[in-house]
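Numbering (my numbering), first residue to last: 93 to 361.
Backbone N, C-alpha and C fix where the C-beta goes; we use that ideal spot for every residue, glycine too.
Let me begin by presenting the structure, written as C-alpha coordinates, before commenting on it.
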(Lines of atoms letter the chains of each structure in order from A and count residues from 1; the text may use other names and numbers.)
(Lines give C-alpha, C1' and ligand atoms only; values in the text may rest on other atoms or scores of the structure.)
Protein backbone atom coordinates (compact mmCIF):
# COMPACT_ATOMS: atom_id res chain seq x y z
CA UNK A 1 0.00 0.00 0.00
CA UNK A 2 2.88 2.38 0.75
CA UNK A 3 4.38 1.74 -2.67
CA UNK A 4 1.08 2.38 -4.43
CA UNK A 5 0.51 5.46 -2.28
CA UNK A 6 3.84 7.00 -3.28
CA UNK A 7 3.16 6.33 -6.96
CA UNK A 8 -0.29 7.86 -6.66
CA UNK A 9 1.12 10.91 -4.87
CA UNK A 10 3.60 11.41 -7.73
CA UNK A 11 0.87 11.66 -10.39
CA UNK A 12 -0.05 15.32 -9.66
CA UNK A 13 3.65 16.17 -9.93
CA UNK A 14 4.02 14.80 -13.44
CA UNK A 15 4.48 11.06 -13.04
CA UNK A 16 3.98 9.69 -16.56
CA UNK A 17 4.61 13.00 -18.31
CA UNK A 18 7.63 14.36 -20.17
CA UNK A 19 9.90 16.83 -18.41
CA UNK A 20 9.26 19.35 -21.16
CA UNK A 21 5.73 19.92 -19.85
CA UNK A 22 6.67 20.13 -16.16
CA UNK A 23 7.99 22.82 -13.91
CA UNK A 24 11.28 22.25 -12.14
CA UNK A 25 9.47 22.01 -8.78
CA UNK A 26 7.15 19.27 -10.07
CA UNK A 27 10.08 17.39 -11.58
CA UNK A 28 11.92 17.45 -8.26
CA UNK A 29 8.95 16.45 -6.10
CA UNK A 30 7.82 13.75 -8.53
CA UNK A 31 11.34 12.37 -8.74
CA UNK A 32 11.64 12.33 -4.95
CA UNK A 33 8.43 10.32 -4.58
CA UNK A 34 9.53 7.86 -7.28
CA UNK A 35 12.90 7.35 -5.62
CA UNK A 36 11.25 6.80 -2.24
CA UNK A 37 8.86 4.24 -3.77
CA UNK A 38 11.75 1.87 -4.51
CA UNK A 39 12.17 1.10 -0.80
CA UNK A 40 8.68 -0.32 -0.05
CA UNK A 41 8.71 -2.06 -3.44
CA UNK A 42 11.91 -4.03 -2.88
CA UNK A 43 10.91 -5.05 0.64
CA UNK A 44 7.37 -5.88 -0.47
CA UNK A 45 8.70 -8.29 -3.10
CA UNK A 46 11.26 -9.80 -0.72
CA UNK A 47 8.77 -10.29 2.11
CA UNK A 48 6.36 -11.95 -0.32
CA UNK A 49 9.00 -14.54 -1.24
CA UNK A 50 10.01 -14.93 2.40
CA UNK A 51 6.36 -15.54 3.28
CA UNK A 52 6.10 -18.26 0.64
CA UNK A 53 9.24 -19.90 2.00
CA UNK A 54 7.82 -19.73 5.52
CA UNK A 55 4.66 -21.53 4.34
CA UNK A 56 6.75 -24.34 2.86
CA UNK A 57 8.80 -24.50 6.07
CA UNK A 58 5.60 -25.13 8.00
CA UNK A 59 4.67 -27.90 5.54
CA UNK A 60 8.05 -29.67 5.64
CA UNK A 61 8.40 -29.23 9.38
CA UNK A 62 9.54 -32.63 10.62
CA UNK A 63 11.05 -34.27 7.54
CA UNK A 64 13.18 -33.55 4.48
CA UNK A 65 15.92 -31.55 6.26
CA UNK A 66 17.59 -30.70 2.94
CA UNK A 67 14.41 -28.96 1.81
CA UNK A 68 14.21 -26.98 5.04
CA UNK A 69 17.85 -26.00 4.75
CA UNK A 70 17.34 -24.88 1.18
CA UNK A 71 14.29 -22.80 2.15
CA UNK A 72 16.30 -21.05 4.85
CA UNK A 73 18.91 -20.23 2.21
CA UNK A 74 16.15 -18.74 0.02
CA UNK A 75 14.97 -16.60 2.95
CA UNK A 76 18.53 -15.40 3.63
CA UNK A 77 19.15 -14.58 -0.04
CA UNK A 78 15.91 -12.61 -0.34
CA UNK A 79 16.68 -10.62 2.79
CA UNK A 80 20.26 -9.96 1.68
CA UNK A 81 19.18 -8.81 -1.80
CA UNK A 82 16.57 -6.42 -0.40
CA UNK A 83 19.11 -5.00 2.04
CA UNK A 84 21.77 -4.65 -0.66
CA UNK A 85 19.37 -2.85 -3.00
CA UNK A 86 18.32 -0.54 -0.17
CA UNK A 87 21.94 0.38 0.46
CA UNK A 88 22.52 0.99 -3.26
CA UNK A 89 19.54 3.35 -3.37
CA UNK A 90 20.89 5.25 -0.36
CA UNK A 91 24.46 5.68 -1.57
CA UNK A 92 24.16 5.84 -5.37
CA UNK A 93 24.08 9.64 -5.22
CA UNK A 94 25.90 11.82 -2.72
CA UNK A 95 24.08 13.62 -1.32
CA UNK A 96 21.01 11.43 -1.78
CA UNK A 97 18.94 14.45 -2.86
CA UNK A 98 20.90 14.47 -6.11
CA UNK A 99 18.87 11.43 -7.19
CA UNK A 100 15.87 13.68 -7.81
CA UNK A 101 17.15 17.27 -7.61
CA UNK A 102 19.50 18.39 -10.41
CA UNK A 103 20.15 21.68 -8.58
CA UNK A 104 22.16 20.07 -5.77
CA UNK A 105 25.70 21.52 -5.99
CA UNK A 106 28.82 19.32 -6.13
CA UNK A 107 26.74 16.16 -6.39
CA UNK A 108 28.11 12.87 -7.66
CA UNK A 109 26.20 9.77 -8.74
CA UNK A 110 27.22 6.29 -9.76
CA UNK A 111 27.01 5.20 -13.33
CA UNK A 112 23.51 4.17 -14.38
CA UNK A 113 24.70 0.70 -15.36
CA UNK A 114 25.30 -0.08 -11.67
CA UNK A 115 21.71 0.78 -10.84
CA UNK A 116 20.47 -1.20 -13.82
CA UNK A 117 22.64 -4.19 -12.91
CA UNK A 118 21.20 -4.24 -9.38
CA UNK A 119 17.67 -4.35 -10.79
CA UNK A 120 18.56 -7.08 -13.27
CA UNK A 121 20.18 -9.16 -10.52
CA UNK A 122 17.23 -8.70 -8.19
CA UNK A 123 14.83 -9.64 -10.98
CA UNK A 124 16.78 -12.77 -11.88
CA UNK A 125 16.73 -13.95 -8.27
CA UNK A 126 13.00 -13.23 -8.04
CA UNK A 127 12.25 -15.26 -11.17
CA UNK A 128 14.44 -18.14 -9.96
CA UNK A 129 12.64 -18.13 -6.62
CA UNK A 130 9.25 -18.28 -8.34
CA UNK A 131 10.29 -21.30 -10.39
CA UNK A 132 11.72 -23.01 -7.32
CA UNK A 133 8.52 -22.52 -5.33
CA UNK A 134 6.50 -23.90 -8.25
CA UNK A 135 8.78 -26.89 -8.84
CA UNK A 136 9.40 -27.86 -5.21
CA UNK A 137 5.85 -28.97 -4.30
CA UNK A 138 5.35 -30.48 -7.76
CA UNK A 139 8.47 -32.61 -7.46
CA UNK A 140 7.72 -33.79 -3.94
CA UNK A 141 3.93 -34.10 -3.90
CA UNK A 142 2.61 -34.86 -7.37
CA UNK A 143 4.43 -38.25 -7.70
CA UNK A 144 2.63 -39.39 -4.53
CA UNK A 145 -0.84 -38.64 -5.86
CA UNK A 146 -2.73 -41.44 -7.59
CA UNK A 147 -5.74 -39.67 -9.05
CA UNK A 148 -5.23 -37.64 -12.24
CA UNK A 149 -7.80 -35.09 -11.06
CA UNK A 150 -5.69 -34.33 -7.99
CA UNK A 151 -2.53 -34.00 -10.05
CA UNK A 152 -4.17 -31.63 -12.53
CA UNK A 153 -5.60 -29.49 -9.73
CA UNK A 154 -2.25 -29.03 -8.03
CA UNK A 155 -0.42 -28.41 -11.32
CA UNK A 156 -2.86 -25.65 -12.26
CA UNK A 157 -2.53 -23.94 -8.90
CA UNK A 158 1.27 -24.16 -8.79
CA UNK A 159 1.62 -22.98 -12.38
CA UNK A 160 0.29 -19.61 -11.22
CA UNK A 161 3.69 -19.01 -9.61
CA UNK A 162 5.42 -19.53 -12.95
CA UNK A 163 2.90 -17.27 -14.66
CA UNK A 164 3.49 -14.51 -12.14
CA UNK A 165 7.24 -14.64 -12.77
CA UNK A 166 6.50 -13.37 -16.27
CA UNK A 167 5.59 -10.02 -14.70
CA UNK A 168 9.16 -9.68 -13.47
CA UNK A 169 10.57 -10.73 -16.83
CA UNK A 170 8.50 -8.11 -18.67
CA UNK A 171 9.54 -5.47 -16.14
CA UNK A 172 13.21 -6.21 -16.77
CA UNK A 173 12.80 -5.32 -20.44
CA UNK A 174 12.11 -1.71 -19.38
CA UNK A 175 14.87 -1.36 -16.79
CA UNK A 176 17.41 0.12 -19.23
CA UNK A 177 15.07 3.10 -19.70
CA UNK A 178 15.38 4.20 -16.06
CA UNK A 179 17.41 7.35 -15.51
CA UNK A 180 18.40 9.75 -12.78
CA UNK A 181 16.96 13.25 -12.75
CA UNK A 182 19.94 14.88 -14.41
CA UNK A 183 20.07 12.51 -17.37
CA UNK A 184 16.61 12.73 -18.87
CA UNK A 185 12.90 11.93 -18.70
CA UNK A 186 12.81 10.24 -15.30
CA UNK A 187 9.09 10.61 -14.58
CA UNK A 188 7.99 9.44 -18.02
CA UNK A 189 10.39 6.52 -18.43
CA UNK A 190 9.62 5.07 -14.99
CA UNK A 191 5.95 4.36 -15.75
CA UNK A 192 6.34 0.98 -17.47
CA UNK A 193 8.65 -0.31 -14.75
CA UNK A 194 6.24 0.92 -12.06
CA UNK A 195 3.24 -0.80 -13.67
CA UNK A 196 4.96 -4.19 -13.84
CA UNK A 197 6.49 -3.70 -10.40
CA UNK A 198 2.99 -3.33 -8.95
CA UNK A 199 1.92 -6.54 -10.72
CA UNK A 200 5.08 -8.27 -9.47
CA UNK A 201 4.52 -7.28 -5.85
CA UNK A 202 0.82 -8.16 -5.83
CA UNK A 203 1.53 -11.52 -7.46
CA UNK A 204 3.92 -12.25 -4.61
CA UNK A 205 1.04 -11.85 -2.17
CA UNK A 206 -1.11 -14.20 -4.25
CA UNK A 207 1.71 -16.76 -4.49
CA UNK A 208 2.03 -16.74 -0.70
CA UNK A 209 -1.68 -17.55 -0.44
CA UNK A 210 -1.58 -20.41 -2.98
CA UNK A 211 -1.02 -23.20 -0.40
CA UNK A 212 -4.11 -22.03 1.47
CA UNK A 213 -6.14 -22.37 -1.71
CA UNK A 214 -5.69 -26.17 -1.59
CA UNK A 215 -8.14 -26.69 1.27
CA UNK A 216 -10.69 -24.30 -0.23
CA UNK A 217 -10.56 -26.15 -3.56
CA UNK A 218 -11.18 -29.40 -1.69
CA UNK A 219 -14.29 -28.10 0.04
CA UNK A 220 -15.69 -26.79 -3.25
CA UNK A 221 -14.97 -29.85 -5.39
CA UNK A 222 -15.63 -32.58 -2.82
CA UNK A 223 -18.01 -31.16 -0.19
CA UNK A 224 -19.44 -34.56 0.78
CA UNK A 225 -16.19 -36.54 0.82
CA UNK A 226 -15.20 -37.74 4.30
CA UNK A 227 -12.15 -35.99 5.65
CA UNK A 228 -12.23 -33.30 2.97
CA UNK A 229 -13.28 -29.70 3.44
CA UNK A 230 -13.46 -30.21 7.19
CA UNK A 231 -10.98 -27.48 8.04
CA UNK A 232 -7.85 -29.57 7.78
CA UNK A 233 -4.74 -27.44 8.00
CA UNK A 234 -1.68 -27.74 5.84
CA UNK A 235 -0.11 -30.03 8.41
CA UNK A 236 3.28 -31.65 7.87
CA UNK A 237 4.50 -33.78 5.00
CA UNK A 238 6.39 -36.99 5.59
CA UNK A 239 7.49 -38.32 2.23
CA UNK A 240 9.34 -41.21 3.86
CA UNK A 241 6.13 -42.63 5.34
CA UNK A 242 3.73 -43.89 2.62
CA UNK A 243 0.87 -43.91 5.09
CA UNK A 244 1.44 -40.40 6.35
CA UNK A 245 -1.16 -37.70 5.92
CA UNK A 246 0.28 -35.17 3.54
CA UNK A 247 0.28 -31.44 4.08
CA UNK A 248 -2.72 -30.55 1.96
CA UNK A 249 -6.08 -32.20 2.17
CA UNK A 250 -5.98 -32.36 -1.63
CA UNK A 251 -3.78 -35.38 -1.16
CA UNK A 252 -6.61 -37.09 0.67
CA UNK A 253 -9.04 -36.65 -2.20
CA UNK A 254 -10.51 -39.84 -3.64
CA UNK A 255 -8.80 -40.76 -6.89
CA UNK A 256 -11.89 -42.39 -8.35
CA UNK A 257 -15.62 -42.60 -7.83
CA UNK A 258 -15.39 -46.10 -6.31
CA UNK A 259 -13.39 -44.66 -3.42
CA UNK A 260 -16.22 -42.29 -2.60
CA UNK A 261 -18.80 -45.06 -2.83
CA UNK A 262 -16.69 -47.31 -0.60
CA UNK A 263 -16.24 -44.58 1.95
CA UNK A 264 -19.95 -43.85 2.07
CA UNK A 265 -21.57 -41.11 4.08
CA UNK A 266 -21.18 -40.71 7.85
CA UNK A 267 -24.66 -42.14 8.43
CA UNK A 268 -23.90 -45.21 6.31
CA UNK A 269 -20.74 -45.91 8.28
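The DSSP-derived three-state label of residue 200 is strand. Apart from sequence neighbours up to five positions away, the residues of its chain that approach residue 99 with a beta-carbon distance below 8 angstroms are 107, 125, 126, 129, 286, 290, ordered along the chain.
Within a 10 Å sphere around the beta-carbon of residue 93 sit fewer than 16 other beta-carbons, which makes this residue exposed. In this structure, residue 224 places its C-beta atom within 8 angstroms of the C-beta atom of residue 166. Taking the Cα positions, residue 279 is about 34 angstroms away from residue 251.
Taking a C-beta distance under 8 angstroms as the contact criterion, residue 299 and residue 191 do not qualify as a contact pair.
When the beta-carbon positions are compared, residue 208 and residue 270 come within less than 8 angstroms of each other. Here residue 95 is buried. Its C-beta has 16 or more other C-beta atoms within 10 Å.
Going by DSSP, residue 267 is part of no alpha helix (DSSP H) at all; its letter is neither H nor E. In this structure, residue 140 and residue 253 do not form a Cβ contact; the two beta carbons are roughly 11 angstroms apart against a cut-off of 8 angstroms. Counting only residues of its own chain and dropping the five nearest sequence neighbours on each side, residue 259 has a CB closer than 7 angstroms to the CB of 288, 291, 292, 295. With a cutoff of 8 angstroms on beta-carbon distance, residue 196 and residue 203 are scored as not near each other.
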